[in-house]
Structures are given as structure tokens and as C-alpha cells.
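One structure is given here, and the rest of the page talks about it.
Number of protein chains: 2
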Amino acid sequence: MTTRITAVDVHDVRFPTAAEADGSDAINRGDYSATYVELRTDGGPTGSGLTFTNGRGNELTVGAVRALAHHVEGRTVEEIFAAPVDFWRSLTADPQLRWLGPEKGVIHMAAGAVVNAVWDLRARLAERPLWRLLAEMPAEELVAAIDFRHISDALTPAEALAILTEGEKGLDERLDQLRKQGFPAYTTSVGWLGYPDDKVRELTRAAVAEGWTAVKMKVGGPVDDDVRRAGIIRAEIGPDALLMMDANQVWDVDEAVANMARLRPFDPYWIEEPTHADDVLGHARVAEAVAPIRVATGEVAANRVIFKQLLQAGAIGVCQVDACRVGGVNEVLSILLLAAKFGVPVCPHAGGVGLCEYVQHLAIFDFLRVGRSLDGRMIEYVDHLHEHFTDPVRVEEGRYRLPDKPGYSVEMRPESIARFGFPDGPAWR
Amino acid sequence: MTTRITAVDVHDVRFPTAAEADGSDAINRGDYSATYVELRTDGGPTGSGLTFTNGRGNELTVGAVRALAHHVEGRTVEEIFAAPVDFWRSLTADPQLRWLGPEKGVIHMAAGAVVNAVWDLRARLAERPLWRLLAEMPAEELVAAIDFRHISDALTPAEALAILTEGEKGLDERLDQLRKQGFPAYTTSVGWLGYPDDKVRELTRAAVAEGWTAVKMKVGGPVDDDVRRAGIIRAEIGPDALLMMDANQVWDVDEAVANMARLRPFDPYWIEEPTHADDVLGHARVAEAVAPIRVATGEVAANRVIFKQLLQAGAIGVCQVDACRVGGVNEVLSILLLAAKFGVPVCPHAGGVGLCEYVQHLAIFDFLRVGRSLDGRMIEYVDHLHEHFTDPVRVEEGRYRLPDKPGYSVEMRPESIARFGFPDGPAWR
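From first to last, the protein sequence lines are chains D and C. So the first sequence is numbered by our numbering: it starts at 4 and just counts up by one. So the second sequence is numbered by our numbering: it starts at 4 and just counts up by one.
Dropping the structure here:
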């Protein structure tokens, strides 16, 4: 019995968040949006995937999904997973479309949405949440899903196999632990740059009351403002809670070093995106200068080749892979394994719309089978827009509860697609 | 008197080259295409710019130009050049569109087309070819056109100013030299991977007869085939001509080192794109291993931050900046200056459609004002599709003659736009 993908539907869905300054930071101020993909099948379930964008331009990732659709339409799920790297390369190394990246930006984000929808479909057919499908998969099958091209100098298939085989040990105990305790999280909802001081104080106080012990603030405005806001937040959370800072790439390398010297008294746990996302060598210089404060990055790291270098160069102490910026589950697997090989904890990027739903699966699988530790691991959490999903994340007292429905958790409610469809939905007319 | 941009017209123009295997290599096989931009003005000339793509997906860069157009429409050329970095950031750091890159892929290539069209317009208003407009510009004005954000750790405005001021000396002599001798070039038309051996031999022989003393072949197929083809070409060109090799990123790092050991006997002058374009550290390793063979890259290096690192890491001996992959003239200026600071010759990437027309201006300006040497400098030349431009390159006996018409030389013939317009032009119906 096979399941054939008969059509790729794609929707431009945008939520008007810019007006509220929710999600505003040193460099972005957007309407959180999704390029939402549905894979229709001949009688089987529908596979759902999305890539997150920041509003204007979402039509470009939508168009890119359409440009890739012919690689998926008419194929069976079984064929795809019989030769998963061939499938992945059909999307990411198309001899004409590759030029538009390669493996970065619009075309790669669209590939990520499609790839994720295929994995969602497979998990639904297996009647398992994605994290469980992956955690139960034979090591050989996981390795066969990874394209080692351009990373083999840092991670070989044999090394990946060894990590994943080792990861079978103690898996049940780790799963029990997660079922009981949930997965640690931190909140980014307290300190957006667009919020006035009073709102920051109030939100931080509320977060502490809700049980959060790790919070993230945006920096990268005038440094005196950053210092003042850091003081407010540190005062509210107390000396023991973790305070992360996120500059969203606005600083130059030397500026990052200088500004972190000003912010160091507030005991930051990490500095995220201290400079341009492509600047591996720059991150390495910042990391050396600000130690023991960790450097974190990843939400706009384009692909496994960038992550490989960040790890080779010792540039990051925290790996913030995104579920859909890179080319979907297959590429994420390679990045989790690279991080494990280099001993760097993975704390996936979330927020936006649908990202929390996605990355919980990745963090859980990483703990169960790859990284195998919760030390320094946290999933980002932002309390926005979860109501638009049929299987929203459940976060209680600062911890993600395990999702248990089949799939990758990004199926959107039909009424949300209709209401926030751009430009014709009632929210935009 | 001011010139106001009243409308941004954009055309999807595609040439059916894939069927001929023209331009085929280890990773690309495309229909050379242009996202062609026209800036209409209130009574002044029209500004023309383009970005090159490889066929399918050209609609995405077209869409991206539309998404950027509001940053240009209604503005005057004089306003734009009064605050050129503000203008450049309006395109490349748009708080919503930036997410789609940042500064890479579809959105950045589209920004490049628009930026180049603005410079074309300015050069037309000044009644000068772009190279001359730039070469005559005060050093302060050139520096003011550059965004130093994220490169200031490698190049400061003061250093840039010093290079450009020094470049005023001897400029007239260098210009005389170019007028007399033309600018050195090499040809890539002999050794596309899709061509059979006999065609390679025949084309190489013809190139030698035309006066070419530097030719480039594609490698990255089965290495035995590469070795055989290298033998054919080296036999035809003789021991003194330069033979460049181009792997178009198909190799892993270790593979590049191993394969270049096989190809070394044919005395390659450079190995181009030995591995993934984003792999700065990988290029550095290859460079160390294959020396004195130079490593060259740039045609898909996304932005100045990648070039900065390639230079900082000693990863390249040849800087192959592309005119429209990066964000147009402003960003190219920063890359030329970075290359000069690090002492690496610039040999711009060309071929495709319109790229030769574009980059001749960059190489000439670089020689006149920045790099100030022809040592190791050559402009790529591919003998395809020049007939579609109103001011096509003139290459004689392996040398570019100086373009002398106003602008940036990528104005397309209206009949070509009509005939090759996709999908409705007669060539595609």
C-alpha cells in the first residue's frame, strides 16, 4: 500500500503583529507570516509544513514552493523515503533553482517547508508525533536521510551512525524523564525592543510569577537603553534566573565586544546574534572576547555548511537551529549531529508563528537520541499565535509538555487560513 | 533640476540555452535568464539593471523586485545619492524583507538589480559610462556610498579613503594604457561539461586561433574525465597559456584536495569554487593544500561579509565578485576595497547574460582607482547572448575594449525583451 502526493497547495497567511511591536527587535519589525504548505494525497492524510517569514515578501516563499512543487507532485511517500537524499537534492540542488540560493534564503526556506510537510505526512501515516517517529528510527535509516555533501570534513556517516546508535541506550529513561518533567524552556515575550520600560517590568514580573526561570531580552538599541532595560529585568528575575540577550545582528564585531563589556554586569547567560549571521570568523572573535558568556546563533544561519563552520571555529556555545530556515528535517538532523560531535548544546530558535510547534519535536528528539542531556538545553517560547494551530504547544511552568498527536504539529486551523489569508482574508481587506 | 523615478518596470526574460548544454557544469544546467529592471523617470533617461538567474525561478527575483519597488518609486536620483547608504539599507535591511535573506539569495539579487539600475541612471544623467563616473568621483563620495556595517573589523572608512585617494595618482596613465591595450580577458566557452571531447578540442583550437591565452574548463565530473579533458585542452593551448579550472562547488573539502592532486600536472592557474560557496574555512583548507595553485571564488558569494571572511582567512587568491549576486554597485565597491586591502586580485565573474556587459565597468574602475595593477587581473568572457544588448561588450584578441556609451551597459534591446519574455514571448509559446 502506498500514499501518493497528488497536489501541493500553498497559502500566504499573515498575522498583523507589526502594529503592536510584538516581535520587534534591533533589525526586524514584522507581520508574522507563514508560507503554509499542504500536501494532498490519494486518500491518505494531508501533510502540513510551513516556513516562517516576517510579512512583506511572503509571496516570494509562496512562489518558491510553487516552483519546487513539481519535484513532489505525483510521487509516493514510500519512493521519497526509499531514497531520501535524492529527494532532498531534487529540491535543494535543482540545476536551475539552486542558483537562487544556493541553499539559502527564499528558495531554501521554501524547500524547508516542503520537506517538513513530507515528514509530517510520514509521521501521520505512522500515527506518531514526529519526535517519536525519529526517536524510534533505526540509526542506519536516520543516517540515510542526511546529505553529507559539504560537511564530510566535519562529520562522516560513520560518526553519525555511532552517535545515533549510542543514542539508543537509555532512551526509555530519558523519555520517562521528559514525560514527567517536560522540556525546559525560556521566554522571549518580556523584552522586545518596541516595549516601554514599564511594560518590560510588568511582563518580567508576570513571567516570574508564571514560573519562568530563564528569560530573553532584545538588545542592540542605544547601549545605554540596553543597560537600563537589563537592569530592570535582572532586578525582577533575581540573581539566579538566566538572562539571555539577543542583538539580532545589529552590531559590528568590535561593537559587539565593547557593548557586551557594558552588559556583562547583568550576568548574561548568552549573547545571541551579536553580529552578521554569515560572519563565522566574527562570531569566533566575539566568543573569545566575551567568554564565559556564550555566543548563540542560528535563526538565520542558512544551512548546515554555516553551522559546520560555526562549530569548527569554536564560534558558538549554543546552537540555535531553526526548523524551516534550513532545508527541513533532513538538514536539521545533520546539524543536531554536528552539534553533538562538537559538544555544543542545541537550543532551537522559536517564536514567530508555528516555530514553537515545530522545534519542540527537534529538541525532544535531540535529547532522546543525539545530545542526550538537558544540560544547557532550553526551547525558546513566545506566547503568540498558538491558537491558530490544531495541535498547539502546551507550556506549563516554564516547560514544554510532550506533543502526542501524529505529525509535526504545524497544521493550521482552516478558519485561521481563511481569516488571515493575504491579501484577500477578512483580516487584511 | 532633479530627476524623479516614476515607475519600476520589471521583465522576466529567459533564453533557451539549456537544450544546447551551453553553460552546463557540475551543478548547473540552465536557461540563462534576466530579471530585467527599468526605472522610468519624469522626462529623464531610463535606468536599466538586471540580475542573472538560471531559468526556472526567475519569476521569484522578478517578484522580489516588485516587493522592493516602493523604496525607489517617487524618489529622485539626487535624494538617493545625497544619502546613499540610507538608500542601500532601505533595500537590504528592510525590516520585513530582510528576513528572507538576510543579504543573500533572491531578495539580495533583486536588490542588486535595482541598485544597479539606479547607478545606470546616474551615469546616464552624467553622460558617462559607469566606470568613468566612478573613476572620476571624489574619494569621499565613493566612501560615502559604502555600508561599512559588518565589515568595519576588516576595512574602515579611513582605510577606504586612503586607498581611493592614492588611486587618483597615475590614473590618466592607466587609462591611456587601457585605451591602447584593452583589459585582459579569458574565455570560458571552450570547456563546458556538457560538451563532448571533440567539441572541446575544436573550441580550444579556435580560441587559440582567436588570440586567447587564458581559458577555463569545467571540472567536477568523474575525475578521470576531468583529467582527460584537461589533457586535451593543455595540449591545444600549449605550456604557456593559462588554464583555469572550475568545479562549481561540487566537491567536498577533502575531495577537492584529492582531485586537485590529480589535476595538478596540467598546471592549473586557479581552481574555482572547489567546494560549497559558504565554506570559508573549507576554502582556506583547500587553498593551503593546493598552493601555489590559487583558489578562486565569488560568483555565488552572497555578500561583503562572506568576501571579508574569505580574505581574512587567506582562503582565496582570486576574488571573483559578481555584479548582481551582491547588492549592486555600492556593495561591489566595498568588496573591491577589501580585496585591495588584502592584496588579492579581482577577476570578476561573468558569462550568463549581461554579466560581461556589467563587470567590464567594475574591472576597469578597479584598475584605475583601487587595485591599480593588471597583474593577475582578467575579466571572464563567454561568447553568448551579447546581441541582446544595445551596448554589447567588444572583445578583440582576448581583450575587452573600453565601453564608451553612458551607463552600465545592460540595456536590453526591446525586441529581445519581447521575443524572450517569459512565458508569453514567441520564443516560449
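Beta carbons are placed, not taken as given, at the ideal position from N, Cα and C, and that holds for glycine. Remember, predicted model here, so these are calculated numbers, not experimental data.
Boundaries (first-last residue) of the beta strand (DSSP E) holding A10(C): 8 to 17
Under 8 Å by beta carbon: chain D residues contacting E62(C): G66, A70
Residues near D34(C) by beta carbon distance below 8 Å, same chain, minus five either side: R17, F18, P19, T20, A21, N57, G58, R59
Three or more C-beta pairs below 8 Å linking the stretch 358 to 377 of chain D and the stretch 166 to 185 of chain D: yes
Residues of its chain near R208(C), where Cβ-Cβ distance is below 6 Å and the 5 sequence neighbours each way are ignored: E239
Where the beta strand (DSSP E) containing E383(C) begins and where it ends: 382 to 384
Cutoff 8 Å: P98(D) Cβ touching any chain C Cβ: yes
Helix, strand or coil at L388(D) [DSSP, three-state]: coil
Per DSSP, the bridge partner or partners of P271(C): L246(C)
Beta carbon proximity, D229(D) to chain C, threshold 8 Å: no
Any chain D beta carbon closer than 8 Å to Q312(C): yes
Cβ pair count under 8 Å reaching 3, the stretch 137 to 145 of chain C against the stretch 159 to 170 of chain C: yes
Below-8 Å beta-carbon distance, P105(C) vs any chain D residue: yes
Interface positions of the stretch 177 to 203 of chain D facing chain C (Cβ-Cβ less than 8 Å), listed along the chain: none
Contacts of V283(C) in chain D (Cβ-Cβ under 8 Å): V283, L284, Q312
Beta-bridge pairing of C322(C) - partner residues as DSSP gives them: T300(C), V349(C)
Sequence-distant residues of its chain with Cβ nearer than 8 Å to D200(C) (five each side left out): R231, R232, I235
Boundaries (first-last residue) of the beta strand (DSSP E) holding K311(D): Careful: K311(D) lies outside any beta strand (DSSP E), inside the alpha helix (DSSP H) at 307 to 315.
Three-pair Cβ contact test at 8 Å for the stretch 325 to 337 of chain C versus the stretch 289 to 302 of chain D: no
Simplified DSSP state of K221(D), which is helix, strand or coil: strand
Cβ shell of K408(C) (< 6 Å), same chain only, five flanking positions each side left out: D394
Span separating the alpha-carbon of G47(C) from that of S93(D): 46 Å
Where the alpha helix (DSSP H) containing G66(C) begins and where it ends: 61 to 71
Per-residue DSSP class, three states only, for A165(D): helix
Whole-number beta carbon distance between L266(C) and R307(C), since they are thought to touch under 8 Å: That pair is no contact at about 31 Å.
Validate contact between the stretch 409 to 426 of chain C and the stretch 189 to 205 of chain C using beta carbons, cut 8 Å, 3 pairs: no
DSSP-derived helix/strand/coil call for F90(C): helix
DSSP bridge partner residues for K37(D) (one or two, in chain order): Looking at the sequence provided, one finds Ala at residue 37(D) rather than Lys. Bridge partners of A37(D): V16(D), F55(D).
Cα-Cα separation between V283(C) and S419(D), rounded to whole angstroms: 43 Å
Beta-carbon spacing of V117(D), L71(D) below 8 Å: yes
Length of the line joining the Cα atoms of L63(D) and V211(D): 40 Å
Spatially closest choice to R43(C) from L128(C), N31(C), C350(C), I110(C), by CA coordinates: L128(C)
Boundaries (first-last residue) of the beta strand (DSSP E) holding G115(C): Counting along the chain, G115(C) falls outside any beta strand (DSSP E), though it belongs to the alpha helix (DSSP H) covering 108 to 128.
Burial state of H153(D) (16 or more Cβ within 10 Å): buried
Backbone secondary structure at V415(D) - three-state DSSP: According to the sequence provided, residue 415(D) is Met. The question's Val does not apply to it. Strand.
heavy atom of the ligand FAD below 7 Å from A126(D) C-beta: As for the ligand FAD, it is missing from this structure, which has no ligand bound.
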